[in-house]
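Heads up, this note's numbering is the position in the sequence shown plus 168, with the first residue counted as 1. Glycine included, C-beta positions come from ideal geometry on N, C-alpha and C. These numbers were taken from a predicted model, which means no experiment stands behind them.
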Amino acid sequence: MKLIEQKKYSVFLILLITFAVYANTLQNEFTNWDDGPLIVENLKIRSLDLENIKMIFDYKAGGTYQPVRVFSYAIDYHFWGLNPIGYHIHNILLHGLAAVLLYLALLNIIPQIRGMESLDNKSIQYTALFTALFFAVHPVNVEAVTWLSGRKYVLLSFFSFLSLYLFVKNSIAEKHSIWLSLSSLLTAVLAVFSSPFGIVLPVLFFLYDYCRDVSNNPFVVLKKRLINYLPYLVFFMLAVPKLWTVLVIGSSKEHYQGNAVYTLWCMFKVIFDYLRNLIFPVWLSTRYTDYVALNMIDYKIIISLAGLIILSGWIIWQMKKARKNLLFCAGWVFIFWLPVSNIIPISIKMADRYIYIASVGFFLWIVFIVFNHVNANKRNIVNICIVSLLIVCAGLSIQRNRTWKNSITLWEDSLKKDPFNVLALTNLGGAYFNRGKYKDAIRYYFSAALLKPDHFAVHNNLGAAYMKDGQLEKAVKEYLKDIEINPKWAQPHEMLANIYKKLGKNGKAMFLYEKVVQLSGGDPEKYYNLANFCAAEGKYEKAVVNFEKALEIKPDYPEAYYDMGRVFHNINRLDKAEEYYLKALDLKNDYPEPYNSLGNVMLAKGAYDKAEEYYNKALEIRPEYPEVYYNMGNGYVLKNDLDTALEYFRKALHLNPGYSASRQMINKIEQVLNDRSSGKE
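Right, here's the structure in full:
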């Protein structure tokens with residue numbers, strides 16, 4: 169144990185243990201719980217050029233403003249692309265460094281907190297180290313570290329603990345350092361830009377100052393140290409309006425039945441479960457059941473309420489004895505839990521990640537109590553017991569990491585804890601759907617629809633699975649239910665239109681495509697889809713009208729120009745077709761289809777050399793393009809060069825063995841050539 173009494177070895181030990189516990193997450197995949205929109209499909213993380221970085225940090229109210237998180241993903245993408253290993257390494261590194269910073273901060277904090285100052289140097293060292301290690305390896309923190317979309321929590325802990333460490337160092341320095349002050353402020357800003365929950369940092373700093381001061385009057389302490397908080401207060405006063413907008417837009421929830429008291433009863437139950445998970449972390453889940461409590465007649469509520477009353481009384485009694493150690497630990501928990509306590513209602517009442525940083529207060533209190541009541545003779549025994557407990561926690565965390573291996577293991581675990589969890593059923597169905605296992609997807613989507621029949625999304629999911637599985641009539645029923653529940657949602661109308669199109673019910677399909685346009689609020693893609701359907705139905709004038717609407721909204725739409733050219737081509741308006749094909753190429757010069765179609769226009773005009781020029785340009789972009797070879801074959805037929813034509817038709821057939829038109833032309837030409845060689849012509 170002498171090694172860990174030295175700071176540098178303790179730092180190494182914390183990092184080593186953290187990486188050892190989370191090493192098996194390097195095998196984990198991205199999951200379908202937010203990793204798609206935040207990482208895999210997020211175009212904002214695809215570049216580290218200056219313009220993109222400016223865009224990342226440009227504030228736009230719209231649910232979240234966490235630019236540091238997005239920037240961290242951009243760094244990962246730069247080095248790793250979409251390989252999840254790099255993202256996991258980043259999370260583990262941030263978590264390990266956060267644990268180290270927590271340890272270093274506590275080494276300076278513990279001797280100053282009234283009621284903790286009685287600890288000797290070894291006890292301070294062990295208390296700081298073991299608190300940091302519990303933070304590093306406790307299974308309740310697995311979600312924040314292993315879930316790649318939870319990056320904001322490890323970023324928040326890293327910058328918060330660094331800001332705290334710098335603030336404390338500056339507070340105990342003989343001479344106030346402007347550099348430490350600015351560094352602490354900068355890292356606090358980065359914490360807030362990682363997660364709006366960082367807004368509570370100034371409150372934590374005041375708690376630290378209050379708990380080390382002899383005065384029990386908070387106003388006296390505030391007046392004495394106000395100068396230290398001013399930089400933080402100025403920034404946070406400027407940031408609060410924007411962060412408040414983010415929090416309100418991001419939550420978009422109301423208290424149950426509009427009554428905040430019902431939410432309060434629910435949160436007392438949540439407090440009980442959080443404490444249970446910290447002491448016995450064997451009921452952990454990705455998605456806990458949302459509690460509903462209309463009164464306080466529940467053992468969890470009663471126990472939590474009684475516990476809080478006892479805790480408050482204990483803190484008051486301690487303060488009368490000039491001790492504030494319990495206040496500091498309990499205050500730490502409640503300060504970091506406050507943003508997710510549903511004072512402002514949010515969509516989720518309980519999640520392991522919500523007590524990721526708050527758990528430090530609990531760990532510190534437990535470890536402090538142990539070392540405060542153990543004499544030096546029994547310290548080794550206590551150390552062995554704590555190490556044993558850490559080993560158990562580490563083992564549970566390693567096991568919990570496996571739950572996050574992929575989307576299927578993640579949601580299967582949730583369903584083991586709560587078989588009626590609609591989110592877990594839906595996401596597990598989605599995991600199977602993305603793997604092409606549509607019958608398995610149907611099974612879970614169907615269960616979700618039974619549990620929540622009045623939710624439009626479950627019917628939309630089930631309809632999509634039926635459609636992919638070829639059960640079109642069942643898909644129709646689900647989409648009709650979806651539309652009945654939410655008649656203003658465009659997507660089920662569009663999916664239903666696609667099904668009717670497959671079933672040959674083109675009248676119904678046309679009606680729905682037109683409805684999609686009405687519901688989509690000027691989406692050019694919907695006009696484009698309607699135009700293509702009209703063209704396929706031979707309603708060329710209507711197709712042109714809708715192509716023009718699409719181009720009016722989105723002038724830089726090469727596909728719309730190309731398909732509009734095809735409409736004019738179909739009605740033999742070759743000059744107009746040529747005009748639109750060229751417009752498509754002006755916008756997208758690596759677009760092979762317009763070159764092929766221009767070749768066909770030139771062929772129809774008898775400009776064979778110009779046609780071949782366009783065909784060759786198409787082949788430069790897409791060398792394996794059977795339709796171009798077929799069209800070039802037709803050109804040589806028109807020029808009566810059957811040997812060359814045969815060569816091109818054979819190339820087309822080689823690239824696409826199912827190309828029946830090429831096969832027919834080959835047979836005809838071979839017959840003609842055979843007839844010629846036998847003298848029949």
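Legend entry - Length of the line joining the Cα atoms of Leu-401 and Leu-353: 10 angstroms
Legend entry - Alpha-carbon spacing of Ile-566 relative to Ile-516, whole angstroms: 26 angstroms
Inset, instruction - Write down the C-beta distance between Leu-558 and Leu-287 rounded to the nearest angstrom, noting that I regard them as a contact closer than 8 angstroms. - result: At roughly 20 angstroms, the Cβ-Cβ gap does not stay under 8 angstroms, so Leu-558 and Leu-287 are not in contact.
Inset, instruction - Return helix, strand or coil for Glu-709, following the three-state DSSP convention. - result: helix
Inset, instruction - Name the two residues that bound the continuous alpha helix (DSSP H) containing Ala-820. - result: 810-823
Legend entry - Residue closest to Phe-403, alpha-carbon to alpha-carbon, out of Val-368, Trp-433, Asn-384: Val-368
Inset, instruction - Please confirm whether Ala-633 and Tyr-612 have their CB atoms less than 7 angstroms apart. - result: At the C-beta level, Ala-633 and Tyr-612 stay beyond 7 angstroms of one another.
Inset, instruction - Go through the stretch 281-329 residue by residue and report every complete run of the alpha helix (DSSP H) that reaches 4 residues or more, in order. - result: 289-305, 310-314
Inset, instruction - Figure out for me which residue from Ala-703, Tyr-456, Ala-242 has the closest Cα to the Cα of Phe-588. - result: Tyr-456
Inset, instruction - Please say whether Ile-554 and Phe-298 have beta carbons closer to each other than 7 angstroms? - result: yes
Inset, instruction - Please state whether DSSP places Leu-596 in a helix, a strand or coil. - result: helix
Inset, instruction - Could you tell me whether the stretch 310-318 touches the stretch 518-536, where touching means 3 or more Cβ pairs closer than 8 angstroms? - result: yes
Legend entry - Secondary structure of Pro-864, DSSP reduced to three states: A question about residue 864 goes unanswered here, because the residues of the chain that appear run from 169 up to 849.
Inset, instruction - Going by CA-CA distance only, name the one from Asn-545, Ala-474, Thr-431 that's closest to Val-508. - result: Thr-431
Legend entry - Proximity below 7 angstroms, CB of Tyr-749 to CB of Pro-762: Closer than 7 angstroms, so yes.
Inset, instruction - Consult DSSP for Ile-417 and reduce its assignment to one of helix, strand or coil. - result: Note that Ile-417 scores a pLDDT of 49, beneath 50, so its modelled location is shaky; the value from the coordinates is reported in the next line. DSSP places Ile-417 in helix when its eight states are reduced to three.
Inset, instruction - Would you mind reading off the limits of the alpha helix (DSSP H) that contains Asp-843? - result: Counting along the chain, the alpha helix (DSSP H) containing Asp-843 begins and ends at 828-845.
Legend entry - Nonlocal neighbours in the same chain, by C-beta distance under 7 angstroms from Val-382, ignoring five residues either side: Counting only Cβ-Cβ distances below 7 angstroms, and skipping sequence neighbours, we find nothing.
Legend entry - Where Pro-692 falls: helix, strand or coil (DSSP): Of the three classes helix, strand and coil, the one that applies to Pro-692 here is helix, per DSSP.
Legend entry - Own chain, CB closer than 8 angstroms to Ala-461, minus 5 neighbours either side, in chain order: Tyr-430, Trp-433, Cys-434, Phe-436, Lys-437, Ile-469
Inset, instruction - Return the Cβ separation of Glu-197 and Asn-574 in integer angstroms, given the expectation that the two are a contact with Cβ distance under 8 angstroms. - result: 4 angstroms
Inset, instruction - Would you check if the distance between the CB atom of Asn-830 and the CB atom of Tyr-783 is smaller than 7 angstroms? - result: Note on identity: in this sequence residue 830 is Ser, with Asn being the wrong assignment. No, Cβ-Cβ distance for Ser-830 and Tyr-783 is not below 7 angstroms.
Legend entry - First and last residue of the uninterrupted alpha helix (DSSP H) at Asn-768: Segment 760-773, the alpha helix (DSSP H) holding Asn-768.
Legend entry - Under the three-state DSSP convention, the category Ala-229 falls into: Low per-residue confidence applies at Ala-229: pLDDT is 48, beneath 50, and the placement is therefore not dependable enough to give any value.
Inset, instruction - Examine the Cβ distances between the stretch 321-336 and the stretch 463-477 and report whether three or more of them are shorter than 8 angstroms. - result: no
Inset, instruction - Have a look at Lys-756, Ile-213, Tyr-467 and flag the residue whose alpha-carbon is nearest the alpha-carbon of Phe-247. - result: That would be Ile-213, whose Cα lies nearest to the Cα of Phe-247.
Legend entry - Cβ-based burial, Leu-262 [other Cβ within 10 Å; buried from 16]: buried
Legend entry - C-beta contact flag for Phe-361 and Ala-266 at 7 angstroms: no
Inset, instruction - Rounded to whole angstroms, what's the CA-CA distance from Asp-581 to Ser-453? Just pull it up for me. - result: 7 angstroms
Inset, instruction - Please report the Cβ distance between Leu-578 and Trp-572, rounded to the nearest whole angstrom; I am assuming they are in contact, meaning their Cβ atoms lie under 8 angstroms. - result: 6 angstroms
Legend entry - For Pro-399 and Leu-390, the rounded distance between their alpha carbons: Distance between the alpha carbons of Leu-390 and Pro-399 is about 14 angstroms.
Inset, instruction - Please work out which residues of its chain come closer than 8 angstroms, Cβ to Cβ, to Gln-486, disregarding the five sequence neighbours upstream and downstream, and give them in chain order. - result: Gly-283, Lys-492, Asn-493, Leu-494, Leu-495
Inset, instruction - Please list, in chain order, all residues of the same chain as Ile-610 whose beta carbon is under 6 angstroms from its beta carbon, the five residues on each side excluded. - result: Ala-633
Inset, instruction - Drop a sphere of 10 angstroms on the beta-carbon of Asn-251, count the other beta-carbons inside from all chains shown, and report buried for 16 or more, exposed for fewer. - result: The residue is exposed, with fewer than 16 neighbouring Cβ atoms inside 10 Å.
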